[in-house]
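Enquirer:
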Amino acid sequence: MTTTTTALQAPLFRGDKLEVVTISALLGFLAASQLSVAPAYIMLAITFACWAAVVSVNHERIQVPAMFWWLAAYGGVTVFSALNSVDPTVSLVDCKQLVLFLIVPVVYRFARGSRALTFATVIISVGALSALIGIAQFGLLHFDNLNQRPHGSLSHYMTYSGVLMLVACAAAARLVFRRQGTHFFGGSRTWTVLVMPALIVALALTFTRSAWVGLVAGVGVLIVLKDRRLLAGIPVAILYTFFLDYFIRGITSGSVK
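Quick note: to get the numbering used here, add 148 to the position in the sequence shown (first position is 1).
Below you can see the structure in the form of structure tokens.
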């Protein structure tokens, strides 16, 4: 009645056809979410439908990580607030994005074990492509001021910077925790080392300070989890962020050539 550890740690495309389709749809969602919102939602809908079919056909009990219950509590409080708002109907409609929390059990079911490396590689690789698009916009299309910032293939620079921040944190996690693998593209940290500069540069060029703070905070948490002695490097990272902010403002004002 429950999902076995063996199934969760199986190779990426091993299993029945329905599970393969679900994994493919989930990979498609993770890739599309960095490039275009509409295709991402389509792939997510397919993923949810396939996941429900897998659970039903295999008579599985849905499993979630412990942190999911904090998200569930937040969702419950949000719905309660909507029901007690001035206009409950409108407020409840705005709660529809809580459905996105279901991504957590889906990933917990299909992206664990040896599959996790492949999923992380896809996220980081597509993030590198997205970063290159933003850098090209800055350097070739003159998206180099506060009125016109790089936004990649997404519709808004804030969405773009937020996605870059998350991908950069994922790449940093691989650099901090992943041992050197044997395969250059899939399991090696070398690929992540090559990609990381593009992610950082593209994020800097969005001129979005909140995303920079998010990256520093995320990397700081990773450092604490790895080795608390490395906290000594956080002041250096903060100083670097202030310097980067000064340099970027100089570019936008024309004082730095």
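We put the CB at the ideal spot given by N, CA and C, even for glycine.
1) Assign Gly-300 to one of two classes, buried (16 or more other C-beta atoms within 10 Å of its C-beta) or exposed (fewer than that).
2) With distances taken Cα to Cα, identify the nearest neighbour of Glu-167 among Val-205, Val-238, Arg-209 and Thr-354.
3) Excluding the 5 residues preceding and the 5 following Ser-181 in the sequence, name in chain order all residues of the same chain whose CB lies nearer than 6 Å to its CB.
4) By the DSSP assignment, the alpha helix (DSSP H) with Val-212 in it spans what residues?
5) May I have the straight-line CA-CA distance separating Ala-406 from Val-185, to the nearest angstrom?
6) Across which residues does DSSP place Gln-296 in a beta bridge pair?
7) How big is the Cα-Cα spacing for Arg-442 and Arg-337?
8) Among Ala-350, Met-191, Ile-171 and Gly-261, which residue has its Cα nearest to the Cα of Tyr-305?
9) So Gly-362 packs on Met-313, CB below 8 Å; how close in whole Å?
10) With DSSP collapsed to three states, give me the class of Asn-232.
11) For the alpha helix (DSSP H) containing Lys-374, list its first residue and its last residue.
12) Please work out which residues of its chain come closer than 7 Å, Cβ to Cβ, to Ile-281, disregarding the five sequence neighbours upstream and downstream, and give them in chain order.
13) Considering just the uninterrupted stretch of the alpha helix (DSSP H) at Phe-177, what are its terminal residues?
14) Thr-307 to Thr-356, Cα distance in whole Å?
15) Considering just the uninterrupted stretch of the alpha helix (DSSP H) at Leu-342, what are its terminal residues?
16) Any chance the stretch 338-345 sits against the stretch 271-279, with 3 or more Cβ pairs inside 8 Å?
17) Rounded to the nearest angstrom, what separates Phe-332 and Leu-265 at their Cα positions?
18) Run the CB neighbour count on Trp-218, radius 10 Å, all protein chains shown included, and call it buried at 16 or more, exposed below.
19) With a threshold of 8 Å between beta carbons, is Ser-204 in contact with chain D?
20) In the structure shown, what three-state DSSP assignment does Ala-197 receive?
21) Take the Cβ of Ile-386 as the centre, count every other Cβ of all protein chains shown within 10 Å, and call the residue buried at 16 or more, exposed below.
Expert: The relevant details are as follows:
1) The C-beta of Gly-300 has 16 or more other C-beta atoms within 10 Å across all chains shown, which makes the residue buried.
2) Cα-wise, what sits closest to Glu-167 is Val-205.
3) Counting only Cβ-Cβ distances below 6 Å, and skipping sequence neighbours, we find Ala-188.
4) For Val-212, there is no enclosing alpha helix (DSSP H), as DSSP marks it with neither H nor E.
5) A query on residue 406 cannot be resolved here, the shown segment of the chain reaching from 149 to 405 and no further.
6) Beta bridge pairing from DSSP links Gln-296 with Asn-293.
7) It is not possible to answer for residue 442, since the shown part of the chain is limited to 149 through 405.
8) Closest option to Tyr-305, Cα to Cα, is Ala-350.
9) Going by Cβ atoms, the distance from Gly-362 to Met-313 rounds to 5 Å, so yes, they are a contact pair.
10) Residue state, collapsed to three classes: coil.
11) Note, Lys-374: alpha helix (DSSP H), 357-374.
12) Taken in chain order, the residues that qualify are Gly-300 and Ser-301.
13) Under the DSSP assignment, Phe-177 falls in the alpha helix (DSSP H) whose first and last residues are 165-180.
14) Whole-angstrom Cα-Cα distance: 10 Å.
15) Segment 337-353, the alpha helix (DSSP H) holding Leu-342.
16) Yes, the stretch 338-345 touches the stretch 271-279.
17) In this prediction, Phe-332 scores a pLDDT of 46, lower than 50, which makes its location untrustworthy; no coordinate-derived value is stated.
18) By the 10 Å Cβ count, Trp-218 comes out exposed.
19) Structure shown: chain D not included; a single protein chain is present.
20) When DSSP states are grouped into helix, strand and coil, Ala-197 belongs to the helix group.
21) Its Cβ having fewer than 16 others within 10 Å, Ile-386 is exposed.
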